[in-house]
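**Student:** Please find one structure pasted underneath; my questions will follow.
Residue numbers (the numbering used here): 77 to 233.
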């Protein structure tokens with residue numbers, strides 16, 4: 077019993093919770109419960125708070141390949157986790173520093189929201205530019221816009 081409640085054991089269990097919950101959420105599976113994972117509620121909640129950072133990393137990996145609705149889904153999951161954590165208004169001695177972890181999660185979520193918005197708007201801008209280039213090239217090809225076509229910006233000169 078004494079070893080179970082030491083900091084390093086609880087940290088290992090928190091990582092265990094984080095890994096299990098992250099995998100379940102990425103696969104759109106139900107959240108495993110503290111009972112299913114055989115951990116104390118405070119350890120579970122701290123592991124849940126750590127999941128927000130993992131979901132941010134997953135979201136950024138998705139956004140690197142272009143905007144995806146999966147990024148939006150993960151942001152929604154992050155918001156749901158925060159909604160759970162913020163209701164835990166107990167002393168830090170009971171929750172093992174959960175309040176600080178919850179505050180960090182809020183910042184991570186807001187940064188992620190900004191990154192998703194930036195990616196979405198960037199994708200819209202790229203589509204608009206491509207449509208404009210197509211229109212301009214079409215006008216020039218029919219002789220309405222002067223001579224030649226718009227140079228290809230992808231080619232090196």
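Cβ atoms here follow ideal geometry from the backbone N, Cα and C, with glycine treated the same way. Since the model is a prediction, treat every value here as computed from it, not as a measurement.
Considering just the uninterrupted stretch of the alpha helix (DSSP H) at residue 107, what are its terminal residues?
**Tutor:** Premise fails: residue 107 is in no alpha helix (DSSP H) and is neither H nor E.
**Student:** Determine the DSSP secondary structure at residue 200, reduced to helix, strand or coil.
**Tutor:** In this structure, residue 200 counts as helix in the three-state DSSP scheme.
**Student:** Count the other CB atoms, across all protein chains shown, that sit within 10 Å of the CB of residue 84; report buried if there are 16 or more and exposed otherwise.
**Tutor:** Counting Cβ neighbours within 10 Å, residue 84 comes out exposed, since fewer than 16 surround it.
**Student:** Whole angstroms is fine: what's the gap from residue 210's alpha carbon to residue 198's?
**Tutor:** Going from the Cα of residue 210 to the Cα of residue 198 covers about 18 Å.
**Student:** Quick one: grab the DSSP three-state call for residue 191.
**Tutor:** Three-state result, residue 191: helix.
**Student:** At which residues does the alpha helix (DSSP H) containing residue 154 begin and terminate?
**Tutor:** Per DSSP, residue 154 belongs to the alpha helix (DSSP H) from 145-161.
**Student:** Leaving out the 5 sequence neighbours to the left and right, which residues in its chain are closer than 6 Å to residue 143 when beta-carbon positions are compared?
**Tutor:** Cβ within range, chain order: 195, 196, 199.
**Student:** With a Cβ-Cβ cutoff of 9 Å, do residue 171 and residue 122 count as a contact?
**Tutor:** Their beta carbons are under 9 Å apart, which means residue 171 touches residue 122 by this criterion.
**Student:** List the whole-angstrom C-beta distance separating residue 136 from residue 191, where the pair is believed to meet the contact cut-off of C-beta under 8 Å.
**Tutor:** 7 Å between Cβ atoms; contact.
**Student:** Between residue 89 and the rest of its own chain, which residues show a CB-CB distance below 7 Å, the 5 nearest in sequence each way excluded?
**Tutor:** Excluding positions up to five away in sequence, the list reads 115, 119.
**Student:** How should residue 130 be labelled, buried or exposed, when 16 other C-beta atoms within 10 angstroms of its C-beta is the threshold for buried?
**Tutor:** So residue 130 counts as buried.
**Student:** In three-state DSSP terms, what is residue 123?
**Tutor:** Helix at residue 123.
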